[in-house]
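Colleague: Below is one structure. I have some questions about it.
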Amino acid sequence: MIITANLAPGYTMGEALTFMEQTANKVLTPGYAIDYSGQSREFRTSSSSLAITFVLALAFIYLVLAAQFESFRDPFIIMLTVPLSMTGALLALFLSGGTLNVYSQIGLVTLVGLITKHGILIVEFANQLRERGTATKQAVIEAAELRLRPILMTTGAMVLGAIPLAMARGAGAESRQQIGWVIVGGLLLGTFFTLFVVPTVYSLMVRRKVSSPE
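Using the numbering used here, read the sequence shown as starting at 315 and increasing by one per residue.
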C-alpha cells in the first residue's frame, strides 16, 4: 500500500517521517515494514550522507590547518568559530521560517570553510608577531586590530553575495533561500564572535616561546 501525504503548516519533513515511523511500529503487525519514495527517500538518504560529509569536512579542514600551522593547537583555536557560526545559521533559519533539510545542511557544510578563514587571519598574524619576539597578549591584540578590516570586508562581500539567494523568488526559490539564510546568519554571528573568542582563547592557550615582558 502506498500512502501519499503533504506536510501540515509548521511541521518539517523529519518530524513527519518520525511520526509515521512511530505510528507504523504501533500499527503494523510483525512481518510488515515501511519504505520511502520520492522526497521522503531523498531526505533520509541525504540526511545520513550529509552527516558523514559534515564530520569529514571538519576532520579534513583540521588536518589541513594542522599541516599549515605545524600545530594541533592552532587549528583547534581557529575551529572554535564553527559552532558559533552554526548557532547564527540555525537562528537565521528559525527567524526566516526555514527548516533543517537537505539544502540547509549543504549550506552548513559550506559555512565551515567560510568561517574558519577569519580565525586563520588572526592566528597566523599573531604567530608571526610572536616569532619576532612580541609578547603573546600584545601579539594577539595587534593581530585582531590589523586583521579587522580584511575580516569585515570579506564577510561583507560573502554576505552580500548570499543575500540574492536568501531573497530568491520563483521556481526553486525555497532551496536557494535555505542555503542563503544559513550563510548570511552564520557569517554575521560567527564573524562577530570570532573577533572576541579567537583572541581570548589564543591568549589563554598559547604560551610564549620567546621570553619577553607582558
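Ideal Cβ placement from N, Cα and C applies to all residues, glycine included.
For the region 332-378, list the beta strand (DSSP E) runs that are entirely contained and at least 3 residues long, ordered along the chain.
Modeller: Entirely contained in the region 332-378, not one beta strand (DSSP E) run reaches 3 residues.
Colleague: Within the same chain, show all residues whose beta-carbon is closer than 8 angstroms to that of Ser517, passing over the 5 residues directly before and after it, in chain order.
Modeller: Cβ within range, chain order: Thr450, Lys451 and Val454.
Colleague: Where does the unbroken alpha helix (DSSP H) through Ser489 begin, and where does it stop?
Modeller: Ala487 to Met519
Colleague: Identify whether Ser526 lies in helix, strand or coil by the three-state DSSP scheme.
Modeller: For Ser526, the predicted structure reports a pLDDT of 42, less than 50, and the residue's modelled location is therefore unreliable. A value from the coordinates is still provided. Three-state DSSP puts Ser526 in coil, outside helix and strand.
Colleague: Would you kindly work out how many angstroms separate the C-alpha atoms of Arg387 and Met400, rounded to a whole number?
Modeller: Roughly 21 angstroms separates the two Cα atoms.
Colleague: Going by DSSP, what residue range makes up the alpha helix (DSSP H) through Phe390?
Modeller: Arg387 to Ile392
Colleague: Go to Gly475, then tell me how far its alpha helix (DSSP H) extends in each direction, as first and last residue.
Modeller: Leu462 to Ala480
Colleague: Can you tell me whether Ala347 is buried or exposed, with buried defined as 16 or more other CB within 10 angstroms of its CB?
Modeller: Residue burial is scored here from C-beta neighbours: Ala347 has fewer than 16 other C-beta atoms within 10 angstroms and is therefore classed as exposed.
Colleague: Can you grab the Cα-Cα spacing for the pair Leu428 / Leu501, in whole Å?
Modeller: Rounded to the nearest angstrom, the two C-alpha atoms are 8 angstroms apart.
Colleague: With H, G and I counted as helix, E and B as strand and the rest as coil, what does DSSP make of Ala330?
Modeller: helix
Colleague: Thinking C-beta only, is Ile465 closer than 8 angstroms to Thr430?
Modeller: no
Colleague: Please work out which residues of its chain come closer than 6 angstroms, Cβ to Cβ, to Gly421, disregarding the five sequence neighbours upstream and downstream, and give them in chain order.
Modeller: Taking C-beta separations shorter than 6 angstroms and ignoring five residues to either side along the sequence, the partners of Gly421 in its chain run Ile493, Val496 and Ile497, following chain order.
Colleague: Is the region 382-396 touching the region 431-441, taking contact as three or more C-beta pairs under 8 angstroms?
Modeller: Taking a cut-off of 8 angstroms on C-beta distances, the region 382-396 touches the region 431-441, as three or more cross pairs fall below it.
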